[in-house]
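Residue numbers (my numbering): 1 to 302.
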Amino acid sequence: MTSNVNVLNAANPELPVPGRTTQEKVFDVLIWGGLIVLLVWSFKPADMHRMGQVFIGGGNMAMLLEDFLKPNFRYWHSYFDLMLETVQMAVWGSFLSVILAVPFGLLSSSNIAPYWIVFPVRRLMDAFRAINELVFALIFVAAVGLGPLAGVLALMIHTTGTLAKLFSEAVEAIDPRPVEGIKATGAPAIQEIVYGVVPQVLPLWISYSLYRFESNVRSATVLGIVGAGGIGMSLSEALRGFDYSAGAAILLIILVTVSLLDIFGSLLRKVVIDGTDHGRFASYFLFLAGLVAGLEVLLAHS
């Protein structure tokens, strides 16, 4: 109500502006006061009192920047091979997580499943989301050994928790009337979901899945640090060995790859959700396919 009054007053300057209530003023004081207390409380533990060293160590930063501005692609074939492996890890991690997130998302929806199912499933998904991919990667490296499989499993578990929450929120926001209409015909519950729920949420589910794939590519680039495959191990070794020129080359490859996939995801969302940009998507898809095929040929003969 207050915001509507403010809009009316802005449109009609001659109207008197009502004063803020005592409750609103107290609320503002609590919010801003709480923020200040939070910042002061976390200042020293967050090491913010050493922030000045960023400027004192400007010479060291300049030296690092100088090396980073001279990327060394001497081992480009190895970098590109590992980057392709990183993307492949993200593809499988995302694909498997979507398969798992669909049933878990439905079982997490209060308008689909009973509370005694919703509560434990949501807590399980909370656990999947709360644990970082790197921690899962460490667990799976110990379980299945070094290599991309550990990374795929880590991405799958964490992403399942995230997508299941997003999927369930989409399901809980549906229009119940189509479901009620199907239910009135005496159709079984599975048909209520297939014909009443899924058509309403499918565009959102696809959009969420594409966003998570893009995010998983970025996450997969660091899983190699713990031996879970991908380009992360090479990046870690370059930076630990102070070979910043090689590190710059790897980071540049990661940046270009992530940017290309972001564009791909954006175009695909427009095709699937809006039904537009089919021509641009087809052209870009052919470009990416040709680029990957060319890299595979180069790597095979290098």
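C-beta atoms are modelled at their ideal positions from N, C-alpha and C, and glycine is treated no differently.
Check, Outcome
"Mind reading off the beta-carbon distance from A238 to G151? Whole number of angstroms is fine, and I expect it under 8 Å.", "Contact flag wrong, Cβ pair sits at about 19 Å."
"Among V201, L146 and A184, which one has its Cα closest to the Cα of F167?", "V201"
"Three-state secondary structure (DSSP) at F242?", "coil"
"Below 7 Å CB to CB, which residues in the same chain sit around V271 once its five sequence neighbours on both sides are set aside?", "D277, H278 and F281"
"Can you name, in chain order, every residue of its own chain whose Cβ lies under 8 Å from the Cβ of V91, other than the five neighbours on each side?", "F213"
"By the three-class DSSP mapping on this structure, what secondary structure does M89 have?", "helix"
"Taking Y211 as part of the alpha helix (DSSP H), name the residues at either end of that continuous run.", "V198 to L223"
"Following the continuous alpha helix (DSSP H) through P148, name the residue where it begins and the one where it ends.", "P148 to E172"
"Give the single residue among M51, L106, V256 and H158 whose Cα lies nearest to the Cα of L96.", "H158"
"Take the Cβ of T22 as the centre, count every other Cβ of all protein chains shown within 10 Å, and call the residue buried at 16 or more, exposed below.", "exposed"
"For S78, which three-state DSSP category applies?", "helix"
"With 16 as the cutoff for other CB atoms within 10 Å, does K25 come out buried or exposed?", "exposed"
"Who are the near neighbours of Y195 in its chain, counting only those whose CB is closer than 7 Å to its CB and skipping five residues on each side?", "I182"
"Hey, how far is the Cα of E192 from the Cα of V179?", "6 Å"
"In or out: A164 buried (at least 16 other Cβ within 10 Å) or exposed?", "buried"
"Let me make sure I understand the geometry here. Which of S109, F136 and L134 has the alpha-carbon closest to that of R123?", "S109"
"For the alpha helix (DSSP H) containing G181, list its first residue and its last residue.", "P176 to A184"
"Considering Cα atoms alone, identify which of T257, W32, Y211 and S209 is closest to I231.", "T257"
"Considering only the beta carbon of each residue, do V226 and A137 sit closer than 8 Å?", "yes"
"Just the Cα atoms here: how many angstroms apart are A289 and L84?", "12 Å"
"Under DSSP, the alpha helix (DSSP H) around P142 begins and ends at which residues?", "Here residue 142 turns out to be Ala, not Pro, going by the sequence shown. From DSSP, the alpha helix (DSSP H) with A142 extends over E133 to V144."
"In chain order, what residues of the same chain have a beta carbon less than 7 Å from the beta carbon of T309, not counting five sequence neighbours either side?", "Beyond the ends of the chain as shown, which are 1 and 302, falls residue 309; an answer cannot be given."
"Determine the DSSP secondary structure at S335, reduced to helix, strand or coil.", "In the structure as shown, the chain begins at 1 and stops at 302. Residue 335 is therefore absent and cannot be evaluated."
"According to DSSP, is K44 helix, strand or coil?", "coil"
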